[in-house]
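> Start counting the sequence shown at 233; every next residue gets the next number (the working numbering).
Using N, Cα and C, we set each Cβ at its ideal position, and we do this for glycine too.
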Amino acid sequence: MEFPVTAGAAASTHASTEAHASSMLRTLLLCDLVDSTALVESLGDLLAAELIRKHDRLARTLADRHAGREIDKTDGFMMMFERPVQAVAFALDYQRGLRQLNAAESTSLSARVGIHVGDVVVWDNNAEDVAKGAKPTEVEGLVKPITSRLMNLALPGQILLSNIAYALAHRAQGELGEQLDKLRWRTHGRYRFRGVPDPVPVFEVGEEGLAPLKAPPWSSKAHREVPFWRRPATMVIELVVLAALIGVPIFMFLRPDPAIAFAKRDWVVMGSLNNLTGETVFNDALESALRIGLEQSQYVNVLPDLKVRESVKRMQLDPATTEVSREIGSEIAIRDGARALILPTIAEIGGRVRITAEVIDPQTQTTVYSETADGVGKESILPSLDAINKRLRVRLGEALATVTEESQPLEKVATANLDALRAYSLGYKETSLGDFDQAGILYQHAITLDPDFARARIELGMLYLNLDRNREAQQQLTRALELGERLTPTDKLLAEASMSRLKSPRVALEKWRALATLEPDLFTAQGNYAFLLWTQSNDFAAAIEVTKRNTVEQNPYRGTGHYLLGTLYLGSEDYAQAEQQFEKSAALGTRFQNHMYASVFAARRNFKRAHELLEAGRVSTNSSDKFQDQLLAMGMAADEGNWTAALSPAEQSHPGNSSLDESDASMLADAGMALKLAVGTRDGRKDLLGQLGTGAAPSESSQPSAREAQILFRAWLLAYYGDVKAAKQRLEQLAEPARGGDYPALSKLRALVEATVAARQGQTDKAAQNLKSMLDGTEYFGTHLLLMEMHAERKDFAAALNEARWIAAHRGRAYASTAAGDSFMPFNVLQTNLAQLHIAENALALGKADIARDALGVVRANWKEKDLPDSLSAWMKRLDAASGEKAAEPSARN
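Structure (C-alpha cells):
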C-alpha cells in the first residue's frame, strides 16, 4: 500500500534544570497594591511611577529591617522570611508605612497581605539567565498558591495568615515590641479555596483602627465553611437538602467532584518535568511513567508528545528546547482542545524524594489541585507515581472502584529500572520523529537493561513490522505476550492484534476492531482497523467511519488519516470529499507518492492534473513502491486510450528484466496480460491464456498472501476468458492461506473464481446464486462483470444494462479497490470504459438506439478512434451499424 497506518505518540523532551535546588521550611508573604491601574489613570504615568518608586523603597527598606528576601516584584512583592513573626512584623510596619506615605503624598494607597508557612524549593538562576531577564532567585512549592489565595481573599489594608503561620507568629508575638499594645488577632473560620483540596483556617493580625479586623467576603475563588445550624436558609429547605443527600447512592456521595468539568475521554497535556534533583535519569523517564499510568485509564487521554511538539512549532517556538511550562502548556491545551495541563515536579527534601503533579486549568493557568507523594530513594519513585496516578484519575472524575480495579503498578506494566524506562522514552520519541534506526537501538537497549520490559518489546515489534522485518517482529511480540503479567489489558490486545497481521488478517480484523471499540482515541487501533476494512473486506463505507476518528486535532498522524480517508472517498465516488481530504493531508506536510491523490483526478479524466500530482509526489526506490508507480501508469494509459504505453509494461516487466524484484515484476506482467486479454482478438487470447495456464506457480514472497493472490488473479482471468481446465489447475496450486478463512480478501476472490468457473461450465443457477450473495457493497468488480454477461446470455438485457451502468459509474472504485492485491486495477479501470460499449450493446438489444448512440459518443470523446486496437475498432463499427439500422444481440466477452 502507499502509506503506513500506525499512529503512535512519543514522550516529550525537555531540558533539565541546571541550577542546584534546595528545599527548606520558610514563610512566604505576598503583598499587592489595590486598584493600581486606577491609580495610574488618576495620577498619570509620571506621577504614578514616582509614587510606586517610593512605595518600593519603603517595602525594600522594611524587608531589610526584618530579614526578608525579595523573590519577585509586580504591583507588590513576594518576600521570603525565616520565621512567621518576621513576616508579621514586616506586614504591620508596611501597612503603617503606607498610611504615612498616603499622608505625605495625599494619596490613598492600600495593600492586602497574605502569609503562609511551608516547604519551598529554592534555587538561584545562573548569571546568564539573569542577564536575559530571569529573576535571581526562584521559589516553588505548594506554599505559593495558598499564600496567593490568602492575599487575594484579604480586604484592603488587611493581613491574613494561615493557621500554621498564625500559631508560630502568635507564640512569638512578644518579639513585636511596642506594636504589641495595639495588636489584635482575629480568627475568621475555615475557608475553601478553589484548587486547594482541604479547607484552610484563616486568621488576621492588625492594629486597632488601621486594620479591617473583620471576616473577608466570599468570592468565586474562596468561600467560608459555615456550620449547619448557622446557615441562613430556612429549616424546610435544609430538610429537603438533607433528604436529597440521603437519597444519593453512597458511592456517588463519596466520589469527589472534579475541579475541572471533565467528561469521559477528555484530553490532558503532560507538561515538562521540573527536575530539581540534579539526577538526569529522571528526565523523560518520569514523564513516560506518569503517562503510562494515566493511559491505563478508560477515562482520560494524554495528548501524544508528537502532537505537543507540533503545537509548539505552530507557536513559532523550537520544540527541541522549549519547556512545556504552565504558560506554554496551557496554550497548547487550548489550541488542541485539552481540558487540563499536568505539571510534574520531583525534588529531594530532607533526604526524601517528593513527587508532585499539579493539575492546571489552561483557561486561567491556575493550579486547580495537586497531588504529592514522598518516598526514600529511587526505589520509591514508581510507587509514588502509582499513588499520584490513582489520585489524579479519581480527581479527574473517574470512579474510585474503576481505578482500583484497572490500575496495575508501574513496575509491573513498565519496568522498575529507571534507566530502561528512560531508554524506552527516548526510543518512543525517535519513533515519532521517524528515526527508526535510532529508535530500534534505544528500544533494544531498554530490553537489555530489563529483558522482561514487555511494553518495550511491543514497541520494537511494531517498529519491525513497519520495516517489513517480520521475523524479528514476531520474535519480539511473541516474547512480549509470554510476559503477559507485565502487560495491561490494552497492551496485551495491542500485541495480539499486531501479531495477527503476520498470521491471520481475519483475526487481525477482530482484534483491531475490539481495540478500536475499547480505545476510541487509540489512533494506532483506528488506523489499522480501517486499513484492514479497506484491503481485506473491501468495505469502504465502514472504513470511512473508522478513519474519521483518526483525523481529529489530537492525532499527530492525522495527515495519514486524511490521506486514507481521501482514498476511501475515492472508492465511494465522492470525489469532492476525496479531494478535500487529500488537500488537508498535503497541508499538514504528509508526503506520499500521490497514487491515490492523482487517481481522484484520473477518475474524472483530468489526466493533466493527475500527472502533475504524481510528479510532485515522494520518490521511492523501493520495489513495491515502484510497482505501484508502474501499475498506475499502466491503468491511466489504458484510461486515456494510450495503448502503446498501456500494453508495453507487460513486456518490459518480465522477471529478471526489470528494476522490480521478481514477485513485483511478475505481478506487473500479469496486470499487463489482463489488459491484453481485454482488448485482444479471439485468436490472440488463446496464446495469452496458454501462457497464463502453463508454467509454475508464482514464487514465494515476503507476504504470505501475495503468492495466493497472484494465483487467484490468474485463475480468474483463465475462467473469465473460457479456459476452465487451466483455471481449475491454478486453483489446485493454492496453499493454506487461500483455502482457509484466515484471509478474507483471498476467500472473497476465491469465491468469485469458483462462481466464474461454475458459470463457464453451464452451472448458471449456482453461479448466479453465489454472485448475488456477494452483492453487499463490498463485492469486487468482477462480480458485476460476470453478472452482466450472464444476464445478457439469458437475454435479460435490462438487467445486463444495469450492470454495465454500475461498472461505468464506479471509476473511483476501479482505481481504489485492492481485490486481494492491486493487479486488478488497470483491468478494472479499462472495464469502466468498455462498459460504455456494453451499455450500447444492451440498449440496442432493448431497441433503445438513442442510449446506444450516447454511449458510443462517450467512447469517442474519451478515446481516439483511429488508435483503437483492432478488436475494439471492429466492435465499434458493428455497434455503429446496428444503432443506425436494427438492434443486435450482445456478443459475450467482446
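On a CA-only basis, which of Leu535, Glu527 and Gln528 is nearest Gly503? Give me that one, please.
Nearest of Leu535, Glu527 and Gln528 to Gly503, Cα basis: Leu535.
> Look up Trp766 in the DSSP assignment and say whether it is helix, strand or coil.
The answer is helix: DSSP assigns Trp766 an H, G or I state.
> Looking at Val432: is its Cβ nearer than 8 Å to the Cβ of Arg422?
Closer than 8 Å, so yes.
> Would you give the residue range spanned by the beta strand (DSSP E) that His455 belongs to?
That run of the beta strand (DSSP E) goes Ala454 to Arg456.
> Can you tell me where the beta strand (DSSP E) with Asp861 in it begins and where it stops?
Asp861 -> not in any beta strand (DSSP E); alpha helix (DSSP H) instead, spanning Ser855 to Glu872.
> By Cβ distance below 7 Å, which residues in the same chain neighbour Asp857 in space, the five residues on each side in sequence not counted?
If we look at Asp857 and ignore the five residues flanking it on each side, its Cβ neighbours are Gln825.
> In this structure, how does DSSP classify Leu1111 when only helix, strand and coil are distinguished?
Helix, per DSSP.
> Whole angstroms are fine: how far does the CA of Ala1114 sit from the CA of Met1108?
About 10 Å.
> Contact between the region 1041 to 1058 and the region 844 to 854 is defined here as three or more beta-carbon pairs at a separation below 8 Å; is this criterion met?
Taking 8 Å as the limit for Cβ pairs, the verdict is that the region 844 to 854 does not touch the region 1041 to 1058.
> Between Val989 and the rest of its own chain, which residues show a CB-CB distance below 6 Å, the 5 nearest in sequence each way excluded?
So the list reads Ala951, Val956 and Ala959, once near-sequence residues are dropped.
> Please return the same chain residues whose Cβ sits closer than 7 Å to the Cβ of Leu1003, not counting the five positions on each side in sequence.
Cβ within range, chain order: Ala987, Thr1015, Leu1018 and Leu1019.
> Any idea if Lys1096 is buried or exposed, counting beta-carbon neighbours within 10 angstroms, 16 or more meaning buried?
Classification for Lys1096: exposed.
> Contact defined as beta carbons within less than 8 Å: I believe Val354 pairs with Thr369. What is the distance between those atoms, to the nearest angstrom?
Contact holds; Cβ gap of about 7 Å.
> Whose C-beta lies closer than 6 Å to the C-beta of Arg301 among residues of the same chain, with five residues either side of it excluded?
Excluding residues within five positions, the ones whose Cβ falls inside 6 Å are Met312.
> Is it a yes or a no for the region 656 to 672 touching the region 608 to 627, going by three-plus beta-carbon pairs under 8 Å?
No, they do not touch.
> So, is Val1148 buried or exposed, given that buried needs 16 or more other C-beta atoms within 10 angstroms?
Outside the shown range of the chain, which is 233 to 1126, sits residue 1148, and nothing can be said about it.
> Between which two residues does the beta strand (DSSP E) holding Gly1149 run?
The structure shown does not extend to residue 1149, since the chain spans only 233 to 1126, so no value can be given for it.
> Using the Cβ count rule (16 or more neighbours within 10 Å means buried), how would you classify Arg939?
Buried, by the Cβ-count rule.
> By Cβ distance, which residues of its chain are closer than 6 Å to Val1091, with the 5 residues on each side in sequence left out?
Counting only Cβ-Cβ distances below 6 Å, and skipping sequence neighbours, we find Gln1068.
> Buried or exposed: Leu412, going by 16 or more other Cβ atoms within 10 Å of its Cβ?
Per the 10 Å Cβ criterion, exposed.
> Cα separation between Arg992 and Thr1010?
If I take the Cα positions, the gap works out to 24 Å.
> Please classify Ala366 as buried or exposed, where buried requires at least 16 other C-beta atoms within 10 Å of its C-beta.
Ala366 should be labelled exposed.
> State the DSSP-derived secondary structure class of Lys1096, mapped to helix, strand or coil.
Three-state DSSP puts Lys1096 in coil, outside helix and strand.
> Based on DSSP bridge pairs, tell me the residues matched to Ala947.
Answer is none; Ala947 lacks a bridge partner.
> How is the beta strand (DSSP E) around Asp304 delimited, first residue to last?
Here the beta strand (DSSP E) through Asp304 covers Arg301 to Lys305.
> If contacts are defined as beta-carbon pairs under 8 Å, then Gln185 and Leu726 qualify, I think. What distance do you get, rounded to the angstrom?
No statement about residue 185 is possible, as the shown extent of the chain runs from 233 to 1126 and does not include it.
> Note down, in chain order, each residue of its chain lying with its Cβ closer than 6 Å to the Cβ of Thr799, except the 5 sequence neighbours on either side.
These residues qualify, in order along the chain: Met828 and Ala1048.
> Would you check if the distance between the CB atom of Ser855 and the CB atom of Leu892 is smaller than 8 Å?
Yes. Within cutoff.
> Considering only the alpha carbon of each residue, which of Gly583, Leu522, Arg586 and Gly607 lies closest to Leu573?
Of the listed residues, the one whose Cα sits closest to Leu573 is Leu522.
> Between the region 814 to 824 and the region 549 to 566, do at least 3 Cβ pairs fall closer than 8 Å?
No, the region 814 to 824 is not in contact with the region 549 to 566.
> Spatial neighbours of Pro388 within its chain, please: C-beta separation below 7 Å, excluding the five flanking residues on both sides.
The residues are Val266, Ser342 and Arg344.
> Does the beta-carbon distance from Ala319 to Thr259 come in below 8 Å?
Yes, the pair counts as a contact, with Cβ atoms nearer than the cut-off.
> Scan the region 249 to 284 and note each continuous alpha helix (DSSP H) run of 4 residues or more that stays entirely inside, going in chain order.
Those alpha helix (DSSP H) runs which fall completely within the region 249 to 284 and span 4+ residues are 268 to 275.
> Given Thr1138, which residues of its chain have a CB within under 6 Å of its CB, disregarding the five upstream and five downstream residues?
In the structure displayed, the chain extends from 233 to 1126; residue 1138 sits before or after that span and is not available.
> Would you mind stating whether Val645 and Leu719 have Cβ atoms separated by less than 8 Å?
It is a contact, given that the beta carbons lie within the stated cut-off.
> Under 8 Å between C-beta atoms, does Gly569 make it to chain B?
Given the protein chain composition of this structure (a single chain), no chain B is represented.
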